[in-house]
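The structure appears below as structure tokens.
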Amino acid sequence: MVTLEDVKKDPEVDTYIRMGNEYLGVLGFTEHAYRHINLVANISRNILQRLDYPERDQELAAIAGYLHDIGNVVNRHYHGQSGALIAYTILRRMGMPPEEIATVVSAIGNHEEEYGHAVNPVGAALILADKSDVHRSRVRNQDFATFDIHDRVNYAVQHSFLRVDAKAKSITMELKIDLEISTVMEYFEIFLTRMIMCRRAADFLDCHFGLIINGARLL
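Going by my numbering, the first residue of the sequence shown is number 1, and it counts up by one from there.
Given below as structure tokens:
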């Protein structure tokens, strides 16, 4: 069976991830390299593990998490769909069974908030993991005076954590935001569609979605 470690060792995967992140840097987007994809892979696996899904589903979620942004090597726009096609060719070459490939590529192809929906547990976990990674370490721009709203909101987040409580059937995003850098309203201004997507993904996993910012429950 194809594992996450197999995917990480693949030279083609590594090249597309590295160069895709480089291209996004040229365009002024936040970091989408190894830190982000490893974190998303780990959180995706953790979500299904805590909700007691089969181990193979957990592994597929980790693989989808690691590959979800590979389409950035083509273009930022519709990178979920282009990434799904790239992942298909790679996973097929590596010998992954068609049913598992279908699970992974559908998760990747549906992780963008502009058009994506959770269509299986792997995809739901990927959505929640990806959208929970908001943090100042992702901001590449070092000139605070030239920050746009995305730089400012990401930089304001000092801590982010996705808490999964299987007993309570809840998935809660917990953020600590420096309000001197960005307001809570600005967070919702650019991330409202992401929060709606997370709520729907949590619903798919038969859980409630919550958002806590600076100790105050907002959702």
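Yeah, the Cβ is synthetic: ideal placement off N, Cα and C, and Gly gets one too.
Can you tell me whether DSSP reads residue i as helix, strand or coil?
i: D206; result: coil
i: E186; result: helix
i: L192; result: helix
i: R138; result: helix
i: R76; result: coil
Buried or exposed for residue i, going by 16 or more other Cβ atoms inside 10 Å?
i: Q231; result: Nothing can be reported for residue 231: it is not among the residues displayed for the chain, which extend from 1 to 219.
i: H32; result: buried
i: T15; result: exposed
i: L211; result: buried
i: N120; result: buried
i: H111; result: buried
Could you name the residues of the same chain whose beta carbon sits closer than 8 Å to that of residue i, not counting the 5 residues immediately before and after it, in chain order?
i: N154; result: T30, V134, H135, R136, R138, V139
Excluding the 5 residues flanking residue i on each side, which residues of the same chain have their C-beta closer than 6 Å to its C-beta?
i: A84; result: V105, I108, G109
i: K131; result: R194, C198
i: V184; result: I213
i: V96; result: The displayed chain sequence assigns Met, not Val, to residue 96. Within the same chain, M96 has close Cβ partners V2.
i: A124; result: A118, A201, F204, L205
i: Q81; result: G109
Can you round the beta-carbon distance between residue i and residue j to whole angstroms, since I take them to be within the 8 Å contact cut?
i: A102; j: A201; result: About 19 Å separates the two Cβ atoms, so there is no contact after all.
i: N214; j: I177; result: 6 Å
i: I190; j: I127; result: Not really, about 17 Å apart at Cβ, beyond 8 Å.
i: H52; j: G20; result: Correcting the residue identity first, residue 52 is Asp in this sequence and not His. With 8 Å as the limit, D52 and G20 do not qualify as a contact, their Cβ atoms being about 34 Å apart.
i: C207; j: K169; result: 5 Å
How far does the alpha helix (DSSP H) with residue i in it reach, from first residue to last?
i: I70; result: Unbroken run through I70: none, as it is neither H nor E.
i: I90; result: 79-93
i: V7; result: 4-9
i: G116; result: Neither: G116 is in no alpha helix (DSSP H) and is coded neither H nor E.
Can you tell me where the beta strand (DSSP E) holding residue i begins and where it ends?
i: T172; result: 170-177
i: D165; result: 157-165
For residue i, collect the residues of the same chain with a Cβ closer than 7 Å to its Cβ; drop the 5 residues on either side in sequence, then sort them by chain order.
i: V7; result: V13, I63, Y66, L67
i: Q58; result: R45, L48, Q49
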